[in-house]
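Those letters in the sequence shown? Residues 6 to 409, per our numbering, in order.
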Amino acid sequence: MAVQDAGHIEDQAKVAFFNDPKVRSWIYQLLLVAFLSWLIWSIWSNIAANLEAQSIATGWGFLSTTAGFSIIQKLVFYSESSSYGRALWIGLLNTLLIAFLGVIFATILGFLIGIARLSSNWIVSKIATVYIEVIRNIPLLLQIFFWYFAALRALPGKRDKISLFDTIHLNITGLKMPSPVFGDGSWIVGIAFLLSLAAIFYLRNWARKKQQEEGVQFPVFKASLGILILVPLVAFFIAGMPIGLEHPQFVTTGAVLRRGFTLGVGMNLTPEFIALFLALVIYTAAFIAEIVRAGIMAVDKGQSEAAHALGLSNGFTLRLVVVPQAMRVIIPPLISQYLNLTKNSSLAVAIAYPDLVAVGGTVLNQTGQAIEIVTLWMVIYLAISLVISVIMNWYNQSIALVGR
6 MAVQDAGHIE DQAKVAFFND PKVRSWIYQL LLVAFLSWLI WSIWSNIAAN LEAQSIATGW
66 GFLSTTAGFS IIQKLVFYSE SSSYGRALWI GLLNTLLIAF LGVIFATILG FLIGIARLSS
126 NWIVSKIATV YIEVIRNIPL LLQIFFWYFA ALRALPGKRD KISLFDTIHL NITGLKMPSP
186 VFGDGSWIVG IAFLLSLAAI FYLRNWARKK QQEEGVQFPV FKASLGILIL VPLVAFFIAG
246 MPIGLEHPQF VTTGAVLRRG FTLGVGMNLT PEFIALFLAL VIYTAAFIAE IVRAGIMAVD
306 KGQSEAAHAL GLSNGFTLRL VVVPQAMRVI IPPLISQYLN LTKNSSLAVA IAYPDLVAVG
366 GTVLNQTGQA IEIVTLWMVI YLAISLVISV IMNWYNQSIA LVGR
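Have a look at this one:
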């Protein structure tokens, strides 16, 4: 009887080949891969046939062809004789510039507004509330148009200016300020600056460890500020002051058409950049403010009460107790806002700011390489989004609570 039962169990263990769940799962996956491969091949074949019928060449050879158009804002050298590849590189740098500065300033403004909304001061709290509710409900494109076509158009004309300390100037052509001129030995100052950043990073970790072990606070901010200023400044004088400033030149005499700021002298932030920057920062900060408010409210009130019982002021309680715990709630949705800001920067094409989309659109119109340009857009924006996600997720993991 026992032998028969053992044989019965063995027969049950021998499942038919197509009834095996593992085999069926592999078959389904192979069929799905085959179907997707056929679908992609069919789409590509159809595209290639249509392009051939319209005599449109494909490939990446156009990137080395002369562009023949100018770009109003460029971080590296570019001229009309540069290639299309160089033009797209300029557009990418402009996109990265507006995204980087936008993320920094939107975060600062968002944190301030979010904390202000929780203020015990009725006026401050209501102003922050009105700001958030109004800005969040106005489309970003309309805000860009407001800054570009309304606010900045009210500035003085090309032959006039508004000056601050006769150093920073503003008119309808943009914001003019001195630009740095790097001479021999400037690399010494650059190395000193990098060393000061490394020293600040070490000092921050040391101060945190000291506080955890001894309960003694070190003035990290003041010390870091001193290091950041003094170390490069000392290197600057030791190297013989190799870095100078080129101030904008404003011509007030001569022919009327020649009056105004001289092109190519000093640093110029174009109206397109200013309008896009202000709109992105103000719009995104409203969403970040709500994220910060929710994160702070997620921290148990007992934490603040315990900190006050230990004699900590409201400022120290917020900085040392509440915000560090709130960051674990704030970071995940904050990543989404950083990604949104970066992708929203593509609206720059509406006001002719030369970002990746605007420059790529010009290249597309001149070359007809629609597939290549759209592919570049998708790949680059995907890469930027992935990099932001990786960095922020790494930071989120570094501040996460470690289970025992």
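Backbone N, C-alpha and C fix where the C-beta goes; we use that ideal spot for every residue, glycine too.
From the DSSP output, in three-state form, read off residue i for me.
i      : result
His252 : coil
Ile167 : strand
Asn142 : coil
Ser184 : strand
Asn176 : strand
Gly373 : coil
Ser394 : helix
Gly115 : helix
Trp399 : helix
Arg409 : For Arg409, the predicted model reports a pLDDT of 49, less than 50, meaning its position is unreliable and no value from the coordinates is stated.
Leu339 : helix
Ser124 : coil
Ala260 : coil
Leu387 : helix
Ala357 : coil
Leu381 : helix
Pro26  : helix
Pro329 : helix
Leu199 : helix
Leu160 : coil
Gly366 : helix
Gly320 : helix
Do residue i and residue j have their C-beta atoms within less than 7 Å of each other?
i      : j      : result
Glu277 : Ile356 : yes
Pro338 : Gln78  : no
Ser75  : Glu85  : yes
Ala363 : Val334 : no
Phe40  : Val286 : no
Leu80  : Leu98  : yes
Ile378 : Leu369 : yes
Tyr153 : Ala280 : yes
Ile296 : Asn401 : no
Gly115 : Ala260 : no
Ala244 : Gly190 : yes
Val186 : Gly249 : yes
Asn349 : Leu145 : yes
Leu346 : Gly90  : no
Phe282 : Gln342 : no
Arg264 : Val256 : yes
Gly1   : Pro247 : With the chain running from 6 to 409 in the structure shown, residue 1 is simply not present.
Ala133 : Arg141 : no
Pro237 : Ala197 : yes
Gln374 : Phe150 : no
Leu361 : Thr100 : yes
Thr322 : Ala312 : yes
Based on DSSP bridge pairs, tell me the residues matched to residue i.
i      : result
Lys131 : DSSP output for Lys131 lists no bridge partner at all.
Phe266 : Phe255
Met272 : Met182
Looking at C-alpha atoms only, which residue of the options is the closest neighbour of residue i?
i      : options                           : result
Leu175 : Ile52, Val392, Ser350 and Phe266  : Phe266
Gly300 : Ile396, Val327 and Leu274         : Val327
Ile205 : Gly188, Gly231 and Gln216         : Gly231
Gly119 : Ile103, Tyr136 and Phe105         : Tyr136
Ala156 : Gly179, Arg164 and Ser394         : Gly179
Trp211 : Leu200, Leu199 and Pro224         : Pro224
Lys181 : Asn273, Val354, Asp25 and Ala58   : Asn273
Ser390 : Ala284, Gly365, Phe105 and Ala197 : Phe105
Leu344 : Asp305, Val392 and Thr71          : Val392
Lys163 : Tyr288, Ala331 and Leu262         : Leu262
Gln216 : Leu325, Ala311, Ile149 and Ser125 : Leu325
Tyr288 : Asn55, Arg209, Val139 and Phe226  : Val139
Ile177 : Thr367, Leu315 and Ser168         : Ser168
Arg209 : Leu200, Ser47 and Phe226          : Phe226
Contained alpha helix (DSSP H) runs [length at least 4] in the region 274-318, N- to C-terminal order: Listed in chain order, they are 276-302 and 306-314.
Quick check on the DSSP output: what are the complete alpha helix (DSSP H) runs of length 4 or more inside the region 35-111, in order along the chain? Entirely contained in the region 35-111, not one alpha helix (DSSP H) run reaches 4 residues.
To test your reading of the DSSP string, which unbroken alpha helix (DSSP H) runs of 4 or more residues are found completely within the region 205-248? Unbroken alpha helix (DSSP H) stretches of 4 residues or longer found wholly inside the region 205-248: 225-243, given in chain order.
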